[in-house]
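In our numbering, each number is its position in the sequence shown, counted from 1, plus 241.
Ideal Cβ positions, reconstructed from N, Cα and C, are used throughout, including at glycine.
Below: one structure, written as structure tokens.
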Amino acid sequence: MGEGFTVIKTLRRAAILFPQSKIIAERTLTYREMYDEVSKISTSMNKMGISRGTVFAVADYNSIEFMELLFAASMTGSIIYPVNIKLPWNMAMETLRESGAEYIFASGDFLNAGIGKEFREDHVISMGSNNRYTKFDEMLVSDKHREEITSGPDNYSILFTSGTTGKPKEVLYTNEKTVNGGLSILYQLGMFQSPASLRYNDTILSLIPFYHLWSWGSAFHAAYLGANYVITGKYNPLNVVSSIKKHKATWINAVPTMVYDLLAHDTDNQLNGIKMLIGGSPISSGIARKLKNKHIKFSTIYGGTDMLATSISIGSEEDIESLRSVTHPVPMVNVSIRDDSGNILGNNTIGELWINAPWLPGKYLNRKDGNEYEGGWFKTGDVALLTDDGGIKILDRIKDVVKCGGEWIPTSIIESMISEFPGVEICAVTAIPDEKWGELPVAWIKASENINIGKLREFMHSRVDSGHIKKWWIPVDFRIIEEMPMTSVGKIDKAVLRALKY
């Protein structure tokens, strides 16, 4: 099996210790059956020419086949690139070329869109009904695999950032870094006071796509714990609510926009009592209250493609304000807040968050500019402060923060307060230029009903009177829009908002 931590070891252990636990999708497999299939797939991959160091890409929604390839990459020593299928098509194709992938596994939607044209025809494997290419099912006829001696330092996966700050940036993770990053989440959720606790007897339903940090490592968590794992394919809130009921799911991961969708579609209260790990963008106080009203226990996770998991909120499930806004470093992570010169600042002082962790990739691939990785630390680009109990409070992205008269306005705080006003579905705050102050804040709102802007202003001024915000933090204008632009990973796309004619 090789030395050190490898992804395939988690599945092999599950096959031995938890052989009857299940992965449930359009078809259902036990962990023992999945391990046998992964062994056969790995043999077929070797026969095709996919072996140690070969990069292959996968373009699919979450599926059992995709999950099997996550493990087969580790068994064969090859390198998997899960394609971010929500990127603009030209950008996705650019990442595919930059990854160096020699083979592509793709389902029908993406083969029909022409993704196979980037490859030799015999290097395309159809994960659907496309008869032009080798079919994935044909890979299950091989004998069981003679396993490669994969070790922890062997490269495992290429990932790309979502491109919200420009061209997507490429990172490479080893088996060891992937497993250790995943285990840090399990330790935080299993050993500390976390409302979103995760244990062997939970049924996990993963909503985060595999292309985004391997669904935050949820497939590996499930195998490590021997927990039942539900895969729902292309995201659809009605299907998800139905699957939660059908399969008695107890734990899910999601971004806030998904949570909002699920709450809106949960007419039969199927979500009541479920546990949620929520991340990707801040949770508004309005959503947090709705979760509490449904007795949903939640924790917040902070991290990213270029750093994996950094922190998860711990504490009492009753303290929803702290749980939604403050996260705590997972084991083996060090954090600091620094000024523009890299000097370390004290608690409750606003600056840029730097992190150090044993699973950091250390650099971006194929990129000569930038100094985000420095001396073992990663400069996150997030404006934050450290609380007295060691927590991290993310206030904004450096690129998104409004700098008015030389002072920072943390837009996440303003957005959360606006979300409390009746009729506000989703909101975002961005900056507009101002000759005197440099920048001023403006709010963009998607509403479920007509909103009286005058009443909304009064509401914000009441928050000034109660000492929650400064008067000059109130947006100079509130703009109602029909749809909120979103990035490929479900975050509000502020770059699009800033480009709108004001």
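For this session: Measure the C-alpha to C-alpha separation of serine 749 and phenylalanine 539 and round it to an integer number of angstroms.
Result: Since the first and last residues shown for the chain are 242 and 743, residue 749 lies out of range.
Exercise. Tell me the DSSP bridge mates of aspartate 623?
Worked result: On the sequence shown, residue 623 is found 382 positions in, with the first residue counted as 1. Answer is Arg638.
Problem set entry | For tyrosine 322: DSSP bridge partner residues | Taking the sequence shown and counting its residues from 1, one reaches residue 322 at position 81. For tyrosine 322, which the question treats as bridged, DSSP gives the partners Ala298.
Exercise. When DSSP labels each residue in this structure, what does alanine 460 get in the three-state scheme?
Worked result: Counted from its first residue, the sequence shown places residue 460 at position 219. Residue state, collapsed to three classes: helix.
Problem set entry | From Arg530, Asp277, Pro570, residue whose alpha carbon lies closest to that of tyrosine 428 | The count along the sequence shown starts at 1 and reaches residue 428 at position 187. Closest in alpha carbon position to tyrosine 428, among Arg530, Asp277, Pro570, is Pro570.
Problem set entry | C-alpha distance - histidine 702 paired with methionine 658, whole-angstrom precision | Against the sequence shown, residue 702 aligns to sequence position 461. Against the sequence shown, residue 658 aligns to sequence position 417. Roughly 11 Å between the two C-alpha positions.
Exercise. Can you give, in chain order, each stretch of the alpha helix (DSSP H) that sits fully within the region 552-599 and has at least 4 residues?
Worked result: 561-566
For this session: Would you decide whether aspartate 507 is buried or exposed? Buried here means 16 or more other CB atoms lie within 10 Å of its CB.
Result: As a first step, residue 507 is located in the sequence shown; it is residue number 266 there, counting from the start. Per the 10 Å Cβ criterion, buried.
For this session: Could you tell me the distance, in whole angstroms, from the CA atom of valine 737 to the CA atom of proline 726?
Result: Within the sequence shown, numbered from 1, the residue matching residue 737 stands at position 496. Within the sequence shown, numbered from 1, the residue matching residue 726 stands at position 485. In a straight line, the C-alpha of valine 737 is about 7 Å away from that of proline 726.
For this session: Rounded to whole angstroms, what's the CA-CA distance from arginine 254 to glutamine 511? Just pull it up for me.
Result: Taking the first residue of the sequence shown as position 1, residue 254 is located at position 13. Taking the first residue of the sequence shown as position 1, residue 511 is located at position 270. The alpha-carbon atoms of arginine 254 and glutamine 511 are separated by roughly 32 Å.
Problem set entry | From Ser435, Gly617, Ile578, residue whose alpha carbon lies closest to that of isoleucine 553 | One-based indexing of the sequence shown puts residue 553 at position 312. Selected option, being the one with the closest Cα: Ser435.
Exercise. For tryptophan 649, which of helix, strand or coil comes out of DSSP?
Worked result: Within the sequence shown, numbered from 1, the residue matching residue 649 stands at position 408. If DSSP states are grouped into helix, strand and coil, tryptophan 649 belongs with the strands.
For this session: Please name the residue or residues paired with alanine 672 in a DSSP beta bridge.
Result: Walking along the sequence shown from the start, residue 672 turns up at place 431. Beta-bridge pairing links alanine 672 to Pro682.
Exercise. Of the residues Thr444, Tyr452, Ile686, which one's Cα is nearest the Cα of lysine 516?
Worked result: In the sequence shown, counting from the first residue as 1, residue 516 sits at position 275. Selected option, being the one with the closest Cα: Thr444.
Exercise. Since arginine 273 sits in a beta bridge, which residues does DSSP pair it with?
Worked result: Along the sequence shown, read from residue 1 onward, the residue named residue 273 stands at position 32. Its beta-bridge partners do not exist; DSSP assigns none.
Problem set entry | Of the residues Gly357, Ser319, Ser398, Asp363, the one placed nearest proline 602, counting alpha carbons only | As a working mapping, residue 602 is identified with position 361 in the sequence shown. Residue Ser398 is the option with its Cα nearest to proline 602.
Exercise. For asparagine 396, which of helix, strand or coil comes out of DSSP?
Worked result: Sequence index remark: in the sequence shown, residue 396 carries index 155 (1-based). Reduced to three states, the DSSP call for asparagine 396 is strand.
Exercise. Nearest-angstrom Cα distance between alanine 437 and asparagine 494?
Worked result: Your numbering for residue 437 matches position 196 in the sequence shown. Your numbering for residue 494 matches position 253 in the sequence shown. Approximately 9 Å between the Cα atoms of the pair.
Problem set entry | For methionine 242, three-class secondary structure by DSSP | In the sequence shown, counting from the first residue as 1, residue 242 sits at position 1. With a pLDDT of only 47 at methionine 242, under 50, the local geometry of the prediction cannot be trusted, and no value is derived from it.
Problem set entry | glycine 617 in three-state terms, based on DSSP | For the purposes of this step, residue 617 is taken as the residue at position 376 of the sequence shown. Coil, per DSSP.
Problem set entry | Bounding residues of the beta strand (DSSP E) (the contiguous stretch that carries serine 526) | By 1-based counting over the sequence shown, the position of residue 526 is 285. Not the beta strand (DSSP E): serine 526 falls in the alpha helix (DSSP H), residues 526-534.
Exercise. Using the C-alpha atoms, what's the distance from arginine 293 back to methionine 380?
Worked result: As a working note, residue 380 is residue 139 in the sequence shown. As a working note, residue 293 is residue 52 in the sequence shown. About 18 Å.
For this session: Please list, in chain order, all residues of the same chain as glutamine 261 whose beta carbon is under 7 Å from its beta carbon, the five residues on each side excluded.
Result: Here residue 261 corresponds to residue number 20 of the sequence shown, with the count starting at 1. Here the set comprises Thr271.
Exercise. Does the beta-carbon of glutamate 661 have 16 or more other beta-carbons within 10 angstroms, so that it is buried, or is it exposed?
Worked result: To locate residue 661, count along the sequence shown from 1; it is residue 420. By the 10 Å Cβ count, glutamate 661 comes out exposed.
Exercise. By Cβ distance below 6 Å, which residues in the same chain neighbour isoleucine 667 in space, the five residues on each side in sequence not counted?
Worked result: To locate residue 667, count along the sequence shown from 1; it is residue 426. Cβ-Cβ distances below 6 Å link isoleucine 667 to Lys687, Met725 in the same chain, with the five nearest sequence neighbours on each side left out; the list follows chain order.
Problem set entry | Three-state class that DSSP yields for tyrosine 428 in the structure shown | Your numbering for residue 428 matches position 187 in the sequence shown. Helix at tyrosine 428.
Problem set entry | Euclidean distance between Cα positions of lysine 489 and threonine 551 | In the sequence shown, counting from the first residue as 1, residue 489 sits at position 248. In the sequence shown, counting from the first residue as 1, residue 551 sits at position 310. Their backbone Cα atoms lie some 30 Å apart in a straight line.
Exercise. Can you list, in chain order, the residues of its chain whose CB lies under 7 Å from that of methionine 211, leaving out five sequence neighbours each side?
Worked result: Outside the shown range of the chain, which is 242 to 743, sits residue 211, and nothing can be said about it.
For this session: Please confirm whether isoleucine 578 and leucine 594 have their CB atoms less than 8 Å apart.
Result: On the sequence shown, position 337 is the one that residue 578 refers to. On the sequence shown, position 353 is the one that residue 594 refers to. Yes. Within cutoff.
For this session: For the alpha helix (DSSP H) holding glutamate 359, just list the boundary residues, first then last.
Result: Translated into the one-based positions of the sequence shown, residue 359 becomes position 118. It is not in any alpha helix (DSSP H) - glutamate 359 carries neither H nor E in the DSSP assignment.
Problem set entry | Option in Gly341, Ala354, Ser367, Asn534 with minimal Cα separation from serine 348 | Taking the sequence shown and counting its residues from 1, the one referred to as residue 348 is at position 107. Nearest of Gly341, Ala354, Ser367, Asn534 to serine 348, Cα basis: Ser367.
Exercise. In three-state DSSP terms, what is alanine 495?
Worked result: Here residue 495 refers to the residue found at position 254 when the sequence shown is read from its first residue. Three-state result, alanine 495: strand.
Problem set entry | Residue from Val365, Lys385, Pro323 with nearest C-alpha to glutamate 274 | Working through the sequence shown from its first residue, we reach residue 274 at position 33. With distances taken between Cα atoms, glutamate 274 lies closest to Lys385.
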